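From first to last, the protein sequence lines stand for chains A, B, C and D.
If you count the first sequence from 1, position 38 lands on 38 in our numbering, and the numbers rise without skipping.
Add 315 to the 1-based position in the second sequence for our numbering, that's all there is to it.
Add 630 to the 1-based position in the third sequence for our numbering, that's all there is to it.
Add 902 to the 1-based position in the fourth sequence for our numbering, that's all there is to it.
Ideal Cβ placement from N, Cα and C applies to all residues, glycine included.
Nothing here was measured: the structure is a model prediction, and the numbers come from that model.
In what follows, a single structure is set out as structure tokens and then discussed.
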Amino acid sequence: MGRPDLSVDIAGLRLANPLIAASGCFGYGVEYADLVDLAALGAVAVKGLFLEAREGHAPPRIVETPSGMLNAIGLQGIGVRTFVAEKLPELKARRAVVIVNICGSTVEEYAEVARILSDADGVAAIEINISCPNIDEGGHTFGCSLTGVHDVVRAVRAATTLPIFPKLTPNVTDVAAIAVAAEEAGADAVSLVNTFLAMAIDVETRRPRLSNVVGGLSGPAIRPIAVRMVYECRAAVRIPIIGMGGIASARDVLEFLIAGADAVQVGTANFEDPGIWPKLLAGVTDYLERHGHAAVGEVVGTVDLSARETAWISS
Amino acid sequence: MGRPDLSVDIAGLRLANPLIAASGCFGYGVEYADLVDLAALGAVAVKGLFLEAREGHAPPRIVETPSGMLNAIGLQGIGVRTFVAEKLPELKARRAVVIVNICGSTVEEYAEVARILSDADGVAAIEINISCPNIDEGGHTFGCSLTGVHDVVRAVRAATTLPIFPKLTPNVTDVAAIAVAAEEAGADAVSLVNTFLAMAIDVETRRPRLSNVVGGLSGPAIRPIAVRMVYECRAAVRIPIIGMGGIASARDVLEFLIAGADAVQVGTANFEDPGIWPKLLAGVTDYLERHGHAAVGEVVGTVDLSARETAWISS
Amino acid sequence: MASPVDVDARIAANHRLSDAYNILEIEAPAIARQTRPGQFVMVKRALGREPLLRRPFSVFEILRNARGAVTGLSLLSKQVGAVTRDIFLAEPGERIRCLGPLGTPFSVVGPPAHAWMVAGGVGLAPFATLAEALHASGVDTTLFYGGRSSEDLYRVPLFERLGVRVVLTTEDGTRGEAGRVTAPLQRELATAGDRPVMVYACGPTPMMRAVAGLAAGADRPVQVSLEPVMGCGLGGCYSCVVRILDGGARFVRACLEGPVFEGNRVSWADLT
Amino acid sequence: MASPVDVDARIAANHRLSDAYNILEIEAPAIARQTRPGQFVMVKRALGREPLLRRPFSVFEILRNARGAVTGLSLLSKQVGAVTRDIFLAEPGERIRCLGPLGTPFSVVGPPAHAWMVAGGVGLAPFATLAEALHASGVDTTLFYGGRSSEDLYRVPLFERLGVRVVLTTEDGTRGEAGRVTAPLQRELATAGDRPVMVYACGPTPMMRAVAGLAAGADRPVQVSLEPVMGCGLGGCYSCVVRILDGGARFVRACLEGPVFEGNRVSWADLT
Ligand SMILES: Cc1cc2nc3c(=O)[nH]c(=O)nc-3n(C[C@H](O)[C@H](O)[C@H](O)COP(=O)(O)OP(=O)(O)OC[C@H]3O[C@@H](n4cnc5c(N)ncnc54)[C@H](O)[C@@H]3O)c2cc1C
Ligand SMILES: Cc1cc2nc3c(=O)[nH]c(=O)nc-3n(C[C@H](O)[C@H](O)[C@H](O)COP(=O)(O)OP(=O)(O)OC[C@H]3O[C@@H](n4cnc5c(N)ncnc54)[C@H](O)[C@@H]3O)c2cc1C
Ligand SMILES: Cc1cc2nc3c(=O)[nH]c(=O)nc-3n(C[C@H](O)[C@H](O)[C@H](O)COP(=O)(O)O)c2cc1C
Ligand SMILES: Cc1cc2nc3c(=O)[nH]c(=O)nc-3n(C[C@H](O)[C@H](O)[C@H](O)COP(=O)(O)O)c2cc1C
Ligand code: FES
Ligand code: FES
Chain A
1 MGRPDLSVDI AGLRLANPLI AASGCFGYGV EYADLVDLAA LGAVAVKGLF LEAREGHAPP
61 RIVETPSGML NAIGLQGIGV RTFVAEKLPE LKARRAVVIV NICGSTVEEY AEVARILSDA
121 DGVAAIEINI SCPNIDEGGH TFGCSLTGVH DVVRAVRAAT TLPIFPKLTP NVTDVAAIAV
181 AAEEAGADAV SLVNTFLAMA IDVETRRPRL SNVVGGLSGP AIRPIAVRMV YECRAAVRIP
241 IIGMGGIASA RDVLEFLIAG ADAVQVGTAN FEDPGIWPKL LAGVTDYLER HGHAAVGEVV
301 GTVDLSARET AWISS
Chain B
316 MGRPDLSVDI AGLRLANPLI AASGCFGYGV EYADLVDLAA LGAVAVKGLF LEAREGHAPP
376 RIVETPSGML NAIGLQGIGV RTFVAEKLPE LKARRAVVIV NICGSTVEEY AEVARILSDA
436 DGVAAIEINI SCPNIDEGGH TFGCSLTGVH DVVRAVRAAT TLPIFPKLTP NVTDVAAIAV
496 AAEEAGADAV SLVNTFLAMA IDVETRRPRL SNVVGGLSGP AIRPIAVRMV YECRAAVRIP
556 IIGMGGIASA RDVLEFLIAG ADAVQVGTAN FEDPGIWPKL LAGVTDYLER HGHAAVGEVV
616 GTVDLSARET AWISS
Chain C
631 MASPVDVDAR IAANHRLSDA YNILEIEAPA IARQTRPGQF VMVKRALGRE PLLRRPFSVF
691 EILRNARGAV TGLSLLSKQV GAVTRDIFLA EPGERIRCLG PLGTPFSVVG PPAHAWMVAG
751 GVGLAPFATL AEALHASGVD TTLFYGGRSS EDLYRVPLFE RLGVRVVLTT EDGTRGEAGR
811 VTAPLQRELA TAGDRPVMVY ACGPTPMMRA VAGLAAGADR PVQVSLEPVM GCGLGGCYSC
871 VVRILDGGAR FVRACLEGPV FEGNRVSWAD LT
Chain D
903 MASPVDVDAR IAANHRLSDA YNILEIEAPA IARQTRPGQF VMVKRALGRE PLLRRPFSVF
963 EILRNARGAV TGLSLLSKQV GAVTRDIFLA EPGERIRCLG PLGTPFSVVG PPAHAWMVAG
1023 GVGLAPFATL AEALHASGVD TTLFYGGRSS EDLYRVPLFE RLGVRVVLTT EDGTRGEAGR
1083 VTAPLQRELA TAGDRPVMVY ACGPTPMMRA VAGLAAGADR PVQVSLEPVM GCGLGGCYSC
1143 VVRILDGGAR FVRACLEGPV FEGNRVSWAD LT
């Protein structure tokens, strides 16, 4: 048997492997070009973009918590047109598969940003951020209601023929229902999860440790909740799922795939170890070989619910 | 100035200090009687009780995750009458302040369990578990909807004159709205948070690591989300709040108090260190003294949102 | 029973026996003095450090100084994950958090009964203290001790010094009889005649299940030391339950009612 | 600029200078060879270990062997939390994860300009490499170095060997002039005449703000090395932003455009 096939198909978009750099954790991708072979990633999801440039929140913007971190960057960004003009050409030159994470204060803004990206050269797909918990206009309000999700996805669907991946918030009672709403409104896949709304306080000063008071929790701490949400969504929708939340090892990648994700994103772990990508790839490849799989797709959604049985193991 | 006053008043129930052993993490209390001075705790919240004895889920029932653990105990329990007959007398003899965590498959069962406890001798308050994520009848369904919360709290309110503390699930879009529903239905205080619905998979076998497939995430991992929820509820209700989720040090206790909790519960950390109680108390006392507080209540809900200003500090 | 104590104990020595096994000697006399055979301790490297929860370990030896005074205890550990790795790498002089003694001990037979201890790999751990107690009461004792290979068998002379007859097996035949430990046990059960025999077993669940079956078939009582996952060791969390058959099947906490159970009480079909 | 490398570097030595300060020598020649004055590295004890994120540290010295070949670099660290504690406790032979060099370095003046370095406490860190570079180009250099007490002042001879004139202050008067480091700076600025002077500053934010103000008042250029919280050090997270005044106020990433900034570009009112 040859090397297993790592490529995945996300709604017609073929990726060389299921590893995607998570939005907001990899700048515009170009920052990492010297350290990471962008063409060797499945794709790069760039930082969330509004129509216009945004300043973001005042620092402190991050704070570390047990096995995780909070961020309230506030979607600082250069605006979609500047991105297309200044960053996209370099990403293209580096042969990166580019997923653009888009934001909007209104349904119309989402649609407008999507239209501009459709006309640009080198965008593979659009991830619709309806889940940023840090800013009032970050789509979180859209992302928490079935009609909000439906309206935004519908509008973006009408604005572009690119694959569209709404990115869901975990801060809801029933994430599977939200995923269904996204699917019905025309999503090609769903990304989940964005960060959990959270807070940390400096007890000596009694000030919130983020200038924005609240921020989003990411990192290994949230992984078990994210895995559960992917598992729930897998049972609810037919479209592909891009899973994420706390992935820091090949084992974690496989956990998401087995739970039902067709591809994964890695965010926070890239901060700790920008050299993580080839390690994840090697670990996944090794697993597929050990388990006799010809292609990575064979492990997607394979949670085994049969009764347990144990073999005799001496010590 | 003398030693600060650590006592707190939760809806007329006076506790010697704000530290409560969290339900399900301290057995029926009697298990710890040799190791922990039960009378020195603010209170003991005993394991969730249904009307009848329950077997609970098959093992494995717990699994560790980054800075946290999942549990799916499934509310194994001896039933409320056996508790009253066999455990309550010893708790009373040890001078423990006893909060009984109650469960029900129906609204009527909650009310019936509450009635039995009202007639018993030595129950200080009832915590209404409408938030156990591990079992279908664990109240999670009640706890996720405004009307469900309202119905259960109303029924228990009618059944007892003991203080009642509905315990809220964090697995909802708007926990503050749930807290308001509980308040309006007659709750004397609210406890939050219960555990986050989560999942872990053994990637080698592809089996869920819990026999119940999903379980509840507790421990330091969830603390930033729990603190945010306490902060949100503080702004929404007037009744006292009993905060919890990942407390493992005096600093963490203070973070919850500052966010708006009148008292706290400690669960998972007690597994790591059953000797944690006097340390927490000493740490809180030290903080109050350093900050010149005469009473612990003075720090409750004191998040400072004023603009930052920094002093000159030479390195 | 006396109450457990939680100590931040100094590590006196670490004997690495192979790439996987080690014996850690720790200065915890307050625990060691109270420990009875089959009891365990809950251990982690340091409070506040990942992983969060402690792990259960049988007390292997009670350590004494030259004058016979109890100085501490040792653990026989096999590396399988994070905490056993910490235990493997620990250096003398460092500290380790240790809570115990915990659990219900073996019931120790006296003469004329014979004691047959059946150990699989690291399942040897609870038998050093048991062998001492049996030796003290003059019980005729045999240890059936099996592993995958000779790399799984340690400290045999310790038992021989206590007058224990030792029967070794390895699955790969690198030491003792080739095959599983149940083979010599089965043979000897068949030929034991009417001597009263108490069987004690500790090892992987399938091995204990097999031993319990053999003992039951030969109408011999058997005590097994089970190893469920334990979150607290104190009865607080209800994670460690084992399904017990008496009085209608029900889950009991192995940290309190166990880890030692009579083999015929255990619902083996439910043990994974 | 060359690209940063991430190494699992061996610790060659750990000089504990007090209960808080230490100098850690690490074998990372691939980083050290590329490092320019004012650049930093992102450090943590080991991958996969809490705390999750790396921490930024200025490269203190470039280490060389007897033949002058670069062997590594050192960090001057002050214990304030988890990672600086790990750095304080690290033992020779152990390893540390180190990514660098990162950031925009100081712009190094040449003669006839004089260089005045102003350091507060651990803010001394970026000045050893700067002093070397200034010494190599024959720049007349002064170090104004202040701390709370003599317990905050270290490695003065290192600078003196490079021909640096050193002016010491302590707030408690236990070493050098009593008071803040800005006092002698202010005096000398007032009497510097028409010599061209470049001021470099690193230390607590309020100190740097004061130094930038004094320099601006005396019409001298100033470069400050800021210390915002950094999540990645590579431009990925946008956590490290500093508000800059040119072209309308905007946030720029200190890990890429800094940590060194011209003092008059910084919006000091926004720095906390
Ligand atoms: C009463 C009792 C006494 C014990 N005595 C000893 C002893 O003397 N020496 C010794 O080496 N071990 C002993 N064990 C087993 C020991 O507790 C586990 O090996 C240990 O918890 C593993 O911790 P870890 O952090 O190294 O591995 P983890 O990282 O927690 O786990 C590694 C792998 O082992 C599996 N695992 C962990 N614990 C168990 C378990 N209890 N049962 C089945 N699978 C498990 C996990 O699922 C995982 O796949 C005892 C257990 C009990 C309950
Ligand atoms: C470019 C750069 C170079 C640096 N060079 C050095 C150096 O050479 N030597 C040195 O000792 N330190 C240096 N620092 C500061 C160093 O990064 C912090 O002291 C370190 O991150 C603290 O980590 P910790 O885990 O020990 O503390 P933590 O546990 O993270 O924090 C402890 C306390 O310090 C506060 N804190 C942490 N980091 C900062 C910060 N950057 N600004 C303000 N408050 C903070 C936290 O809020 C907390 O209250 C540098 C920082 C930057 C940005
Ligand atoms: C600093 C930071 C910035 C982020 N910015 C964005 C963003 O712009 N758009 C978005 O959809 N998600 C954003 N996220 C969320 C991540 O893409 C990801 O969903 C989340 O961090 C969980 O994955 P992780 O645990 O691997 O980091 C951001 C996360 C972090 C930590
Ligand atoms: C093993 C275990 C059992 C629990 N059982 C109950 C229960 O019976 N009733 C309940 O209301 N909460 C139960 N909980 C939730 C805790 O009371 C608490 O809300 C949660 O664990 C968060 O606090 P912590 O992070 O301090 O553990 C249980 C938690 C654990 C870990
Ligand atoms: S281990 Fe917690 S109850 Fe037994
Ligand atoms: S530290 Fe991440 S962008 Fe600067």
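Practice problem: Could you name the residues of the same chain whose beta carbon sits closer than 6 Å to that of L280 of chain A, not counting the 5 residues immediately before and after it, in chain order? | Solution: Translated into positions along the first sequence, residue 280 of chain A becomes position 280. Only L19, A250 and V253 meet the Cβ criterion.
Practice problem: Would you verify that the beta carbon of S905 of chain D is, or is not, closer than 8 Å to some beta carbon of chain A? | Solution: The residue given as residue 905 of chain D occupies position 3 in the fourth sequence. Chain A, which has a Cβ nearer than 8 Å to the Cβ of S905 of chain D, makes this yes.
Quiz item: Can you list, in chain order, the residues of the stretch 174 to 203 of chain A whose Cβ is nearer than 8 Å to any Cβ on chain D?
Solution: none
Practice problem: Closer than 8 Å, Cβ to Cβ, to anything on chain C: give me those residues from the stretch 329 to 346 of chain B, in chain order. | Solution: G339, C340, F341, G342 and E346
Quiz item: Got a sec: is the Cβ-Cβ distance from N486 of chain B to anything in chain A below 8 Å?
Solution: Here residue 486 of chain B is taken as the residue at index 171 of the second sequence, counted from 1. Cβ-Cβ to chain A under 8 Å: yes for N486 of chain B.
Quiz item: Is any heavy atom in ligand 5 found nearer than 7 Å to the beta carbon of A387 of chain B?
Solution: Here the question's residue 387 of chain B lines up with position 72 in the second sequence. Result no, Cβ not under 7 Å from ligand 5.
Exercise. Identify, in the order they occur along the chain, each residue of the same chain with its Cβ nearer than 7 Å to the Cβ of P667 of chain C, setting aside the five sequence neighbours on each side.
Key: For the purposes of this step, residue 667 of chain C is identified with residue 37 of the third sequence, where counting begins at 1. Here the set comprises P735, F736, V738, P756, T759, L760 and A763.
Exercise. Compute the Euclidean distance between the alpha carbons of A639 of chain C and G530 of chain B, then round it to the nearest angstrom.
Key: Locating residue 639 of chain C in the third sequence gives position 9, where the first residue counts as 1. Locating residue 530 of chain B in the second sequence gives position 215, where the first residue counts as 1. Cα to Cα, the separation comes out at about 34 Å.
Quiz item: Cβ of A650 of chain C within 7 Å of any heavy atom in ligand 1?
Solution: Stepping through the third sequence from its first residue, residue 650 of chain C is reached at position 20. No, the Cβ of A650 of chain C stays beyond 7 Å of every heavy atom of ligand 1.
Quiz item: Can you find a C-beta in chain D that's less than 8 Å from the C-beta of T302 of chain A?
Solution: For the purposes of this step, residue 302 of chain A is taken as the residue at position 302 of the first sequence. So no, T302 of chain A is outside the interface.
Practice problem: Kindly confirm or deny that the stretch 965 to 972 of chain D and the stretch 885 to 894 of chain C touch, where touching means at least three C-beta pairs closer than 8 Å. | Solution: no
Quiz item: Alpha carbon to alpha carbon, how far is I431 of chain B from C418 of chain B?
Solution: Locating residue 431 of chain B in the second sequence gives position 116, where the first residue counts as 1. Locating residue 418 of chain B in the second sequence gives position 103, where the first residue counts as 1. Rounded to whole angstroms, I431 of chain B to C418 of chain B spans 13 Å at the Cα level.
Practice problem: For the beta strand (DSSP E) holding F1046 of chain D, just list the boundary residues, first then last. | Solution: Locating residue 1046 of chain D in the fourth sequence gives position 144, where the first residue counts as 1. T1043 to G1049 is the span of the beta strand (DSSP E), which, as asked, contains F1046 of chain D.
Quiz prompt | Residues sharing a beta bridge with H1016 of chain D, DSSP | solution = By 1-based counting over the fourth sequence, the position of residue 1016 of chain D is 114. In the DSSP output, where bridge partners are listed per residue, H1016 of chain D has D:V1099.
Quiz item: Just to confirm, are I933 of chain D and R997 of chain D a CB contact at a threshold of 8 Å?
Solution: In the fourth sequence, counting from the first residue as 1, residue 933 of chain D sits at position 31. In the fourth sequence, counting from the first residue as 1, residue 997 of chain D sits at position 95. Against a cut-off of 8 Å, the Cβ pair of R997 of chain D and I933 of chain D comes out as no contact.
Quiz item: Beta carbon of E587 of chain B: closer than 7 Å to some heavy atom of ligand 1?
Solution: As a first step, residue 587 of chain B is located in the second sequence; it is residue number 272 there, counting from the start. Checking the Cβ of E587 of chain B against ligand 1 gives no.
Practice problem: Report the residues of the stretch 522 to 536 of chain B with a CB closer than 9 Å to any CB of chain A, ordered along the chain. | Solution: R522, P523, S526, V528, V529, G530, L532, G534, P535 and A536
Self-check item: Where L919 of chain D falls: helix, strand or coil (DSSP)
Solution: Translated into positions along the fourth sequence, residue 919 of chain D becomes position 17. L919 of chain D: coil per DSSP, three-state reduction.
Quiz item: Nearest-angstrom Cα distance between G711 of chain C and T380 of chain B?
Solution: The count along the third sequence starts at 1 and reaches residue 711 of chain C at position 81. The count along the second sequence starts at 1 and reaches residue 380 of chain B at position 65. Spanning the two alpha carbons is a distance of roughly 13 Å.
Quiz prompt | Separation of A513 of chain B from G297 of chain A, as counted between CA atoms | solution = The residue given as residue 297 of chain A occupies position 297 in the first sequence. The residue given as residue 513 of chain B occupies position 198 in the second sequence. In a straight line, the C-alpha of G297 of chain A is about 24 Å away from that of A513 of chain B.
Quiz item: Considering G1119 of chain D, what are the terminal residues of the alpha helix (DSSP H) in which it resides?
Solution: Residue mapping note: residue 1119 of chain D aligns to position 217 of the fourth sequence, counting from 1. Counting along the chain, the alpha helix (DSSP H) containing G1119 of chain D begins and ends at T1107 to G1119.
Practice problem: Please look up how many angstroms separate the CB atoms of A261 of chain A and I241 of chain A, rounded, as I've assumed it's under 8 Å. | Solution: As a first step, residue 261 of chain A must be located in the first sequence, where it is residue number 261. As a first step, residue 241 of chain A must be located in the first sequence, where it is residue number 241. Indeed, because the Cβ distance is near 5 Å, the residues count as touching under 8 Å.
Quiz item: Ends of the alpha helix (DSSP H) at K402 of chain B?
Solution: Along the second sequence, read from residue 1 onward, the residue named residue 402 of chain B stands at position 87. It is not in any alpha helix (DSSP H) - K402 of chain B carries neither H nor E in the DSSP assignment.
Quiz item: So what's C132 of chain A in DSSP terms, helix, strand or just coil?
Solution: Within the first sequence, numbered from 1, the residue matching residue 132 of chain A stands at position 132. The answer is strand: DSSP assigns C132 of chain A an E or B state.
Practice problem: Give the straight-line distance between the Cα atoms of S314 of chain A and G534 of chain B, rounded to the nearest whole angstrom. | Solution: Counted from its first residue, the first sequence places residue 314 of chain A at position 314. Counted from its first residue, the second sequence places residue 534 of chain B at position 219. Unreliable positioning characterises S314 of chain A in this predicted model, as indicated by a pLDDT of 35, which lies under 50. The coordinate reading is nonetheless provided below. Going by the C-alpha atoms only, they are around 34 Å apart.
Practice problem: Please work out which residues of its chain come closer than 8 Å, Cβ to Cβ, to L477 of chain B, disregarding the five sequence neighbours upstream and downstream, and give them in chain order. | Solution: Looking up residue 477 of chain B in the second sequence gives position 162. Hits under 8 Å: A429, L432, S433, V438, A439, A440 and I441.
Quiz item: Would you call the stretch 770 to 779 of chain C and the stretch 787 to 794 of chain C touching, i.e. three or more CB-CB distances under 8 Å?
Solution: yes
Self-check item: T65 of chain A beta carbon near ligand 7 (any heavy atom closer than 7 Å)
Solution: For the structure depicted, ligand 7 is absent and the ligand set comprises only ligand 1, ligand 2, ligand 3, ligand 4, ligand 5 and ligand 6.
Self-check item: Interface flag, L356 of chain B vs chain C, CB-CB below 8 Å
Solution: Position 41 of the second sequence holds residue 356 of chain B. Not closer than 8 Å to any Cβ of chain C, the Cβ of L356 of chain B fails to qualify, so no.
Practice problem: Taking only beta-carbon positions, decide if Q391 of chain B is within less than 8 Å of chain C. | Solution: In the second sequence, residue 391 of chain B corresponds to position 76, counting from 1. So, interface residue.
Quiz prompt | Residue burial classification, E721 of chain C (beta-carbon count within 10 angstroms, cutoff 16) | solution = As a position in the third sequence, residue 721 of chain C is number 91, starting the count at 1. When all chains shown are included, E721 of chain C counts as exposed.
Self-check item: Classification of R685 of chain C by the beta-carbon crowding that lies within 10 angstroms, buried from 16 upward
Solution: Locating residue 685 of chain C in the third sequence gives position 55, counting from the first residue. With 16 or more other Cβ atoms within 10 Å, it is buried.
Practice problem: Look at the alpha carbon of D1121 of chain D and the alpha carbon of G1022 of chain D, and state the distance between them as a whole number of angstroms. | Solution: Translated into the one-based positions of the fourth sequence, residue 1121 of chain D becomes position 219. Translated into the one-based positions of the fourth sequence, residue 1022 of chain D becomes position 120. One C-alpha to the other measures close to 22 Å.
Quiz item: Using a beta-carbon distance cut-off of less than 9 Å, what residues from the stretch 866 to 899 of chain C approach chain B?
Solution: G866, C867, Y868, S869, C870, V871, V872, R873, A879, R880, F881, R883 and L886
Quiz item: Grouping DSSP H, G and I as helix and E and B as strand, with all else coil, what is E309 of chain A?
Solution: Counting from 1 along the first sequence, the entry for residue 309 of chain A is found at position 309. Because the pLDDT of E309 of chain A is 46, which lies under 50, any placement of that residue in the model is unreliable, and the number read from its coordinates should be weighed accordingly. In the structure shown, E309 of chain A sits in coil (DSSP, three-state: anything other than H, G, I, E or B).
Quiz item: Taking 7 Å as the cut-off, is the CB of S707 of chain C close to at least one heavy atom of ligand 1?
Solution: Locating residue 707 of chain C in the third sequence gives position 77, where the first residue counts as 1. S707 of chain C: yes, Cβ under 7 Å from ligand 1.
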